[in-house]
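Student: Right, I'll just put the structure down here and ask away after.
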Amino acid sequence: MHELQFSGQLVHHLLLRQIQSSNKSEMWFAVGGKAFRFSIQEFCLITSLACGPYPPVLEKRDGSGSFRSSMLNGEVRYNNKTLEAIFKAASLDSDEDMVKLALLYFLETVLFGKDQKVHINALHVELLKNLETFNKYPWGRKCYETTLNSLQRDLRKMSQEYWS
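Numbering (this note's numbering) for the sequence shown: 376 to 539.
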């Protein structure tokens, strides 16, 4: 199987073909004389990620916990570069902690594809305190919203550059 690679040019050309829509939670594109929708339904169908509603607000905790203490040196704010270094150097006694670290690393670097300098969302670490809660969380919805916001922001930026 060939390795998949992101194509910024393809995304750019798709954004150039955007059709205005009153629904801000989706985007429409004109390709080959036909209109195509990009919404959470298509995103979830393609990715097979959970896209249900968000759970009730999690109660705020003090930020302590065995995972944060043992794996992340008790740090409250850290970025993907630090997470990557911790992941590559990890040799844990606890299989569960290693799974949690791998899940966090995958979430931040693959699903969200964040830059190495971007800080990790504290909610993501909080959710790891319970693997069942973490695995049931609607990551597809979160990824879709992040992707949609990014595309819309880039489209506004392209438009401003074009008209200035």
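For each residue, glycine too, the CB sits at the ideal point set by N, CA and C.
I'd like to confirm the pairing. Which residues does DSSP put opposite Phe404 in its beta bridges?
Tutor: Beta-bridge partners assigned by DSSP to Phe404: Gln393 and Phe411.
Student: Less than 7 Å between the C-beta atoms of Gln416 and Lys456, yes or no?
Tutor: no
Student: Using CA coordinates, which residue listed in Leu526, Arg531 and Glu536 is at the minimum distance from Phe413?
Tutor: Leu526
Student: Under 7 Å between the Cβ atoms of Ala425 and Gly488?
Tutor: no
Student: Comparing C-alpha positions only, which one of Gln535, Asn398, Tyr519 and Gln395 sits nearest to Ile421?
Tutor: Its Cα nearest to that of Ile421, the residue Tyr519 stands out among Gln535, Asn398, Tyr519 and Gln395.
Student: Can you give me the start and stop residues for the alpha helix (DSSP H) that Arg528 sits inside?
Tutor: From DSSP, the alpha helix (DSSP H) with Arg528 extends over Trp514 to Trp538.
Student: Give a yes or no on whether the C-beta atoms belonging to Leu502 and Tyr512 are separated by under 7 Å.
Tutor: yes
Student: Under 7 Å, do Leu389 and Phe411 count as touching if we go by C-beta distance?
Tutor: no
Student: Is the CB-CB distance between Arg528 and His494 below 7 Å?
Tutor: no
Student: Indicate the three-state DSSP secondary structure (helix, strand or coil) for His494 in the structure shown.
Tutor: strand
Student: Taking the alpha carbon of Pro430 as the point to measure from, which residue in Phe509, Gly407, Phe462 and Asp468 has its own alpha carbon closest?
Tutor: Phe509
Student: Can you say whether Glu483 is buried or exposed, counting buried as having 16 or more other CB atoms within 10 angstroms of its CB?
Tutor: With 16 or more other CB atoms across the displayed protein chains lying within 10 angstroms of its CB, Glu483 is buried.
Student: Would you verify that the beta carbon of Phe418 is, or is not, closer than 7 Å to some beta carbon of chain C?
Tutor: Absence of chain C from the displayed structure is noted, only one protein chain being present.
Student: Taking just the CA atoms, how far does Leu391 sit from Met533?
Tutor: Their backbone Cα atoms lie some 9 Å apart in a straight line.
Student: Tell whether a beta-carbon distance below 7 Å holds between Phe462 and Leu476.
Tutor: yes
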